[in-house]
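The structure appears below as structure tokens.
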Amino acid sequence: VMHKEESVGGVRETEESRADGTSAEAREAGARMSTGTKTREQTGSGQCAVGTNGCAECDSSNTACARCEAEKRLEGSQCVDGIGVPLGRSLTADPKSCSNSPSCASGDNCIDIQNNGVTKEVCTKCGNTYVPIDGACQPKDAQSASCTAGTDTNQGTCTACLGSYYLYSGGCYATCPDGYYGDSNACKPCSAIAGCSTCSSATVCTKCDGGKIVKTAAGVTSCVTEEECTGTEGFFVKGADGSKTCEACTSPCVACTGQATHCTKCNSAGETPYLRDNSCVNKAGCTSGDTHYADEAAKECKLCADGGLRDCSTCEISNTQLVCKACADGDKNKFGLGKKSCVSQCPTNSQAGSDNVCTCNNGFTPNADSTACVAASSCKTPHCRTCDNKGAATEVCTACISNYYLTPTAQCIDKCEKLRGYYADGNVCKPCSPECASCTAAGADKCLSCPAGKALKYTSETNPSDGTCVDECRANTGGCDTCGAIIGGSKYCSRCGDASQAPLNGDCATNTARTQFCTQVDGGACTQCANGLQRAARWPPCVPGSEWQAALCVRQSVQGSRQACTGTEGRLLLLLPG
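Structure representation (structure tokens):
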């Protein structure tokens, strides 16, 4: 049986023997001699000569050809007919070059690897006189300083690497592929860190898979979601899309935003437990200048006006009560009732004593906010106007004095909000709808704040008292990319998927010139509020016991304080990146 195929030199038969017993190889050699077809052969002296047998360049020892002439390709130790990629000693593999590399050994020896996110095809086993260097076949004699060439069945590969090269899949590489790191001249997998796609050592991940970001804690890295990062005390998301990392806040911060030193909460057990202007200070630093006082419950340094004082230039804690320490120059040079304000004249039914403090006359008592003197009651319950069983142990208050509100337990308080989940109706505290954590009136659409796991959504953009509680933010839904703001235990959107939008009232909105709420949008988040809005230190407003967060923009408070969020203007408007 004879099989024939066309060749440059004429008819070439396969290696099957003819009937006369002559081998196909012998006949092919004879055909080449007779037709002049050139293949790479060594000279009789065992030396390589440029221009002989199609060789364009010899190796450094002049014993073998390193590169063939045009229209020739190097196959093993010979230059044979066929258009190929001439290989020089300095050639490095480019994307998809391996399949066209004539020096790569036949068989399944080409694989795809990624290097810095770029995919390229590399050779893992070369012809016997070559070895894979950075994925391309190079003469092994010229690479002895980088590669220990294999023998026997391992010929054409590196069994060990030297110098600054690392062994990977039979070759030596200056840089390990993605997912591996170099250690002791070998590429080792990053698999020790779950979800890690690139790393610099066994414990240091530099990039994560699946949208996760690298978290560094005590020198050890891991891969986490942004929500997992911000949900861990003492950590924050740093950077923008593509370069985000989860970093630890600088001690003594236990919560921070934007940068490690921008504190939003301090270590209450440390030497500087009070938060003032996003820094942690001791008590002396908190009250320095007497413009702030130390709120022991919140561990915050609050402005005098935040404590309900009016027109005071400085304040202090006296007998557990916050009072004015000095009045500003001008007409209001007297201390009001209980030293809760500075006034130009004392209220009706009161007069100033020698200490320049207004005091109610006999038979009168200060009202809830110490702005007026009202008739004193004979009921034993504080601030009670009328009661049953007056003065007895079984006394039950039925109505409170002006500016006080009757609770379900027959007590009188100055604000129903002090009872979590109640609102004022007339002079009585009534429970909010069960859907709300706090509210302004009856109904599920009158919420001011929500239970953990629910987010506040305004039903009317012009009325901050109309809000409903909906499911909290979920990343990559509703146009939101990142749910980085944790408020009252609930997640709110901090960055939109559309880079031209920003979060408004928990929803991603277009910041148009007509309805501009943000003057600087950066990558789906607002970094500068529009006129009438400002960064606030706390949310929600006027709800004692709530968790304060420095990640919001609110309208200027009615008191003019940069930190107070009170009255109808104090409401959640904009979530900034946390």
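Residue numbering for the sequence shown follows UniProt numbering, beginning at 1 and increasing consecutively. C-beta atoms are modelled at their ideal positions from N, C-alpha and C, and glycine is treated no differently.
Span separating the alpha-carbon of Asn349 from that of Ser370: 13 Å
Asp306, buried or exposed, once every other Cβ within 10 Å from all chains shown has been counted against 16: Buried is the call here.
Proximity of Gly195 and Cys223 at Cβ, strictly below 7 Å: yes
Simplified DSSP assignment, three categories, for Glu226: helix
Short Cβ contact (7 Å threshold) for Cys496 with Gly478: no
The segment 252-260 contacting the segment 291-299, beta-carbon criterion three pairs below 8 Å: In short, these stretches do not touch, since the Cβ pair count stays below three.
Member of Gly336, Gln321 and Ser313 whose CA lies at the smallest distance from the CA of Ala328: The residue with the shortest Cα to Cα distance from Ala328 is Ser313.
Alpha helix (DSSP H) runs wholly inside the segment 258-330, at least 4 long, in chain order: Within the segment 258-330, the complete alpha helix (DSSP H) segments at least 4 residues long are 283-287, listed from N- to C-terminus.
Reference Gly336, options Gly363, Asn362, Gly308 and Asn319, closest by Cα: Comparing Cα-Cα distances from Gly336 to each of Gly363, Asn362, Gly308 and Asn319, the minimum goes to Gly308.
Spatial neighbours of Asp209 in its chain, beta-carbon cut-off 8 Å, leaving aside the 5 residues before and after: Gly195, Cys196, Ser197 and Cys223
Distance, Thr119 Cα to Cys126 Cα: 20 Å
Sub-7 Å separation of Tyr165 and Cys187 beta-carbons: No; because the gap between Cβ atoms is not below 7 Å, this pair is not in contact.
Beta-carbon proximity of Cys147 to Val122, cut-off 7 Å: no
Beta-carbon proximity of Glu300 to Leu275, cut-off 7 Å: yes
Cα-Cα separation, Gly453 to Ser341: 40 Å
Selected residue, minimal CA-CA separation from Ser106, among Ala149, Ile486, Ala248 and Gly156: Gly156
Selected residue, minimal CA-CA separation from Ser61, among Ser103, Thr129 and Asp112: Thr129
Distance, Glu247 Cα to Thr221 Cα: 10 Å
When Thr287, Lys140, Pro347 and Cys379 are compared against Cys172, the one with the closest alpha-carbon: Lys140
Beta-carbon spacing of Tyr405, Asn389 below 7 Å: Cβ distance not < 7 Å, so Tyr405 and Asn389 don't count as in contact.
Spatially closest choice to Asn103 from Ala410, Lys302 and Ile133, by CA coordinates: It should be pointed out that residue 103 corresponds to Ser in this sequence rather than to Asn. The shortest C-alpha separation from Ser103 is found at Ile133.
Spatial distance of Arg555 from Leu448 (CA atoms): Confidence in Arg555 is poor, its pLDDT being 36 and thus under 50, which makes the residue's placement unreliable; the coordinate value appears in the next sentence. Taking the straight line joining both Cα atoms gives about 16 Å.
Rounded straight-line distance, which links the Cα of Arg310 to that of Lys332: Spanning the two alpha carbons is a distance of roughly 10 Å.
Cβ neighbours of Cys280 in the same chain (closer than 8 Å, five flanking residues each side left out): Pro252, Cys253, Cys263, Cys266, Asn267, Gly270, Thr272, Pro273 and Tyr274
Spatial neighbours of Lys334 in its chain, beta-carbon cut-off 8 Å, leaving aside the 5 residues before and after: Cys327, Cys342, Val343, Ser344, Gln345, Cys346, Ala352, Asn356, Val357 and Cys358
CB contact flag (Lys430, Cys439, <7 Å): no
heavy atom of the ligand ADP below 6 Å from Ser268 C-beta: The model depicted lacks the ligand ADP and carries no ligand whatsoever.
For Ala444, the three-state DSSP class (helix, strand or coil): The answer is coil: DSSP assigns Ala444 none of H, G, I, E or B.
Neighbour-count burial assignment, Val237, 16 or more Cβ in a 10 Å radius: Note on Val237: 16 or more other CB atoms within 10 angstroms of its CB, so buried under the neighbour-count rule.
Spatially closest choice to Glu227 from Lys212, Ser460 and Gln516, by CA coordinates: Lys212
Endpoints, the beta strand (DSSP E) within which Lys457 is located: Lys454 to Tyr458
Proximity to Thr386 [Cα-Cα], best of Ser378, Asp295 and Asp108: Ser378
Start-to-end residues for the beta strand (DSSP E) that takes in Pro139: Ala136 to Pro139
Chain-order list of residues whose beta-carbon lies under 8 Å from that of Pro177 (same chain, five-residue window excluded): Cβ neighbours of Pro177 beyond the five flanking positions: Ile113, Gln114, Asn115, Tyr168 and Cys187.
Where residue 621 falls: helix, strand or coil (DSSP): Residue 621 lies beyond the residue range present for the chain, which begins at 1 and ends at 578; the question has no answer from this structure.
N-terminal and C-terminal residue of the beta strand (DSSP E) that Gly467 is part of: Gly467 to Asp471
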